[in-house]
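Chemist: Every number in the numbering used here is 77 more than the matching position in the sequence shown, counting from 1. Quick one: this structure, given as structure tokens, is what I'll be asking you about.
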Amino acid sequence: MNPLIIGIILCIFSQILFSSLFLFSYAMQPLPGVSIFALRIIVTFFGFWLLTLFSSQRKEILPFIRQKLGTSFKNWAMMLMGTAILASQLCLFMWAPINGEGLNVAMGYFLFPLMMVFSGKLIWKEQLTKLQLLALILAVCGILNQLYHTHAFSWTTLWVVLLYPPYYLSRRMLNIPALLGLTFDLTFIAPFALLYLLPQQEIWQLIASESRYWLLLPLLGAVSALSMTFNIRSSAILPMKLFGLLSYIEPSLLFVLSITILGTVMPTEAYISYGLIWSALLVLAINGFIAPVKPKLKTV
78 MNPLIIGIIL
88 CIFSQILFSS
98 LFLFSYAMQP
108 LPGVSIFALR
118 IIVTFFGFWL
128 LTLFSSQRKE
138 ILPFIRQKLG
148 TSFKNWAMML
158 MGTAILASQL
168 CLFMWAPING
178 EGLNVAMGYF
188 LFPLMMVFSG
198 KLIWKEQLTK
208 LQLLALILAV
218 CGILNQLYHT
228 HAFSWTTLWV
238 VLLYPPYYLS
248 RRMLNIPALL
258 GLTFDLTFIA
268 PFALLYLLPQ
278 QEIWQLIASE
288 SRYWLLLPLL
298 GAVSALSMTF
308 NIRSSAILPM
318 KLFGLLSYIE
328 PSLLFVLSIT
338 ILGTVMPTEA
348 YISYGLIWSA
358 LLVLAINGFI
368 APVKPKLKTV
């Protein structure tokens, strides 16, 4: 199959799986958001190590550390900076839905692809087609309309839009394989998550007393592992501009979930903003049918 098509499929599936994670915070109440994040890290850590051990990349672990990182302070600093960014984003994502910040985080995810498109053009000199430019303009109009009515950014919005792009860009600059990179991240984050959870006896008692957690926790780990792997793998295959624009799928789904399941009430102007952004997605889909992109593909 064409690598471009594979990248698009992986990206779409990752967006759907990521969006479903929003519901885990809702389903796992009364656990607090930070505790759900820590549990997610632990179960995802085991999931990623299983994927790594049963994949061809298991032999690349030590060469990856020796050759990609080695004794280079710059490479280690870039790698660990990305790990810290990922930890904060995963924590925010699980905390936001049950603390009234779900829609603000969704707005951050709408702004994030714009930053990725801008970064792709700035760093890799990727050119936009006319339809992709139209999609970008529609998305910008939707975001500007929202900002006109709200007059401010939530800190959760800024956290997503300003910190997530450096994570993806650092991984691409280091040319890190998706599975190994995420396994590295989770290996460094998991001890801190465990240290946070160990003294909280009431959390362990709640998990032991309610059988639904025995299903939800393994499912949380599986969905997290697959969504993160698909997302990073697709970001390594696709041109940055296409990856950025496809990333609008996730915040659109977060919006739908917030309205239909989480019961968030939206003002009229918000529907206008999201309508413009969904129009951008439609234009992007049309562009994919009539003007396929011919990217310079990278090995994953």
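Cβ coordinates follow ideal geometry from the N, Cα and C atoms, glycine included. All values derive from a computational prediction rather than experimental measurement.
Just to confirm, does SER311 get its C-beta within under 7 angstroms of one of the non-hydrogen atoms of the ligand GTP?
Modeler: Inclusion of the ligand GTP in the displayed structure is not the case, the ligand content being empty and no account of it being possible.
Chemist: How far does the alpha helix (DSSP H) with TYR290 in it reach, from first residue to last?
Modeler: Locating residue 290 in the sequence shown gives position 213, where the first residue counts as 1. Counting along the chain, the unbroken alpha helix (DSSP H) around TYR290 starts and ends at 289-314.
Chemist: Among ARG117, ILE336, PRO243, GLY110, which has the Cα closest to the Cα of ILE200?
Modeler: Within the sequence shown, the letter at position 123 stands for residue 200. The residue with the shortest Cα to Cα distance from ILE200 is PRO243.
Chemist: Take every Cβ of the stretch 272-283, pair it with every Cβ of the stretch 200-219, and state whether three or more of those distances are shorter than 8 angstroms.
Modeler: Cβ pair count under 8 angstroms is below three, so no.
Chemist: Inspect the CB distances between the stretch 122-141 and the stretch 347-355 and report whether three or more fall short of 8 angstroms.
Modeler: no
Chemist: For PRO174, name the three-state secondary structure that DSSP assigns.
Modeler: For the purposes of this step, residue 174 is taken as the residue at position 97 of the sequence shown. Reduced to three states, the DSSP call for PRO174 is helix.
Chemist: Drop a sphere of 10 angstroms on the beta-carbon of PHE189, count the other beta-carbons inside from all chains shown, and report buried for 16 or more, exposed for fewer.
Modeler: Along the sequence shown, read from residue 1 onward, the residue named residue 189 stands at position 112. Burial call: buried.
Chemist: Anyone know if the C-beta pair for GLN92 and LEU330 falls short of 8 angstroms?
Modeler: For the purposes of this step, residue 92 is identified with residue 15 of the sequence shown, where counting begins at 1. For the purposes of this step, residue 330 is identified with residue 253 of the sequence shown, where counting begins at 1. Yes, the Cβ-Cβ distance between GLN92 and LEU330 is below 8 angstroms.
Chemist: Kindly list the residues whose CB is nearer than 6 angstroms to the CB of LEU215, restricted to its own chain and excluding five residues on each side of it in sequence; keep chain order.
Modeler: Taking the first residue of the sequence shown as position 1, residue 215 is located at position 138. Counting only Cβ-Cβ distances below 6 angstroms, and skipping sequence neighbours, we find LEU353, SER356, ALA357.
Chemist: On the premise that SER312 lies in contact with ARG249, defined as a C-beta separation below 8 angstroms, what is that separation, rounded to the nearest angstrom?
Modeler: Here residue 249 corresponds to residue number 172 of the sequence shown, with the count starting at 1. Here residue 312 corresponds to residue number 235 of the sequence shown, with the count starting at 1. Right, the Cβ-Cβ distance comes to about 7 angstroms (below 8 angstroms), so this counts as a contact.
Chemist: Taking the CB atoms as reference points, tell me whether GLY110 and SER97 lie closer together than 8 angstroms.
Modeler: Reading the sequence shown from its first residue, position 33 is the one you call residue 110. Reading the sequence shown from its first residue, position 20 is the one you call residue 97. No; because the gap between Cβ atoms is not below 8 angstroms, this pair is not in contact.
Chemist: Measure how close the beta-carbons of MET105 and SER196 come, nearest whole angstrom, since I'm counting them as under 8 angstroms.
Modeler: On the sequence shown, residue 105 is found 28 positions in, with the first residue counted as 1. On the sequence shown, residue 196 is found 119 positions in, with the first residue counted as 1. Contact flag wrong, Cβ pair sits at about 34 angstroms.
Chemist: With contact counted as at least three CB pairs below 8 angstroms, one residue from each stretch, are the stretch 157-175 and the stretch 250-266 in contact?
Modeler: Yes, since at least three Cβ pairs between the stretch 157-175 and the stretch 250-266 fall closer than 8 angstroms, the two stretches touch.
Chemist: Go ahead and pull the three-state DSSP assignment for ASN152.
Modeler: Numbered from 1 along the sequence shown, position 75 holds the residue referred to as residue 152. ASN152: helix per DSSP, three-state reduction.
Chemist: If we count Cβ pairs, one from each stretch, closer than 8 angstroms, do we get three or more for the stretch 230-242 versus the stretch 80-94?
Modeler: Fewer than three beta-carbon pairs drawn from the stretch 230-242 and the stretch 80-94 are found closer than 8 angstroms, and the two stretches are therefore not classed as touching.
Chemist: For my contact list, MET158 and LEU146 are in at a C-beta cut-off of 8 angstroms; report their separation, rounded to the angstrom.
Modeler: In the sequence shown, residue 158 corresponds to position 81, counting from 1. In the sequence shown, residue 146 corresponds to position 69, counting from 1. No, MET158 and LEU146 are not in contact; Cβ-Cβ is about 13 angstroms, not under 8 angstroms.
Chemist: Looking at the secondary structure, which residues open and close the alpha helix (DSSP H) in which LEU84 lies?
Modeler: Residue 84 sits at position 7 when you count from the first residue of the sequence shown. According to the sequence shown, residue 84 is Gly rather than Leu. Residues 80-104.
Chemist: In three-state DSSP terms, what is SER247?
Modeler: For the purposes of this step, residue 247 is taken as residue 170 along the sequence shown, with counting starting at 1. Three-state DSSP puts SER247 in a helix.
Chemist: In terms of alpha-carbon separation, which member of LEU139, PHE114, ALA302 lies closest to PHE170?
Modeler: In the sequence shown, the residue the question calls residue 170 occupies position 93. Scanning LEU139, PHE114, ALA302 for the CA closest to the CA of PHE170 turns up PHE114.
Chemist: Kindly list the residues whose CB is nearer than 6 angstroms to the CB of PRO328, restricted to its own chain and excluding five residues on each side of it in sequence; keep chain order.
Modeler: If you number the sequence shown from 1, residue 328 lands on position 251. Answer for PRO328: ALA183, TYR186, PHE187, listed in chain order.
Chemist: Assuming GLU137 contacts PRO254 (C-beta within less than 8 angstroms), just tell me the rounded distance between them.
Modeler: Position 60 of the sequence shown, counted from the start, is the residue given in the question as residue 137. Position 177 of the sequence shown, counted from the start, is the residue given in the question as residue 254. So it is a contact: roughly 7 angstroms between Cβ atoms.
Chemist: I need the straight-line Cα distance from LYS375 to PHE320, nearest angstrom please.
Modeler: Numbered from its first residue, the sequence shown carries residue 375 at position 298. Numbered from its first residue, the sequence shown carries residue 320 at position 243. Note that LYS375 scores a pLDDT of 45, beneath 50, so its modelled location is shaky and nothing firm can be said.
Chemist: Grab the span of the alpha helix (DSSP H) containing THR260 for me, first residue to last.
Modeler: Position 183 of the sequence shown, counted from the start, is the residue given in the question as residue 260. 255-274 is the span of the alpha helix (DSSP H), which, as asked, contains THR260.
Chemist: Could you have a look at PRO242 and say whether DSSP puts it in helix, strand or coil?
Modeler: Here the question's residue 242 lines up with position 165 in the sequence shown. Looking at PRO242 - three-state DSSP - the assignment turns out to be helix.
Chemist: My output table needs one value for VAL120: the three-state DSSP class, helix, strand or coil.
Modeler: Stepping through the sequence shown from its first residue, residue 120 is reached at position 43. In the structure shown, VAL120 adopts helical secondary structure according to DSSP, grouped into three states.
Chemist: Might you give, ordered along the chain, the residues of its own chain that have their beta carbon closer than 7 angstroms to the beta carbon of TRP291, omitting 5 neighbours on each side?
Modeler: On the sequence shown, position 214 is the one that residue 291 refers to. Closer than 7 angstroms at the Cβ level, and outside the excluded window around TRP291, lies no residue.
Chemist: When the Cα of ILE309 is compared with those of PHE269, GLU279, THR260, LEU297, which residue comes out closest?
Modeler: Sequence index remark: in the sequence shown, residue 309 carries index 232 (1-based). The candidate whose alpha carbon is nearest that of ILE309 is THR260.
Chemist: Reducing DSSP to helix, strand and coil, say where LYS202 ends up.
Modeler: Residue mapping note: residue 202 aligns to position 125 of the sequence shown, counting from 1. The answer is coil: DSSP assigns LYS202 none of H, G, I, E or B.
Chemist: Considering Cα atoms alone, identify which of SER286, GLN144, LEU256 is closest to SER304.
Modeler: Numbered from its first residue, the sequence shown carries residue 304 at position 227. Minimum Cα distance to SER304 is reached at LEU256.
Chemist: Identify the continuous alpha helix (DSSP H) that holds ASN222 and give its terminal residues.
Modeler: Here residue 222 refers to the residue found at position 145 of the sequence shown. For ASN222, the enclosing alpha helix (DSSP H) covers residues 207-227.
Chemist: Report the rounded CA-to-CA distance for THR345 versus ASN176, giving the unit in angstroms.
Modeler: For the purposes of this step, residue 345 is taken as the residue at position 268 of the sequence shown. For the purposes of this step, residue 176 is taken as the residue at position 99 of the sequence shown. One alpha carbon belongs to THR345, the other to ASN176, and they sit about 22 angstroms apart.
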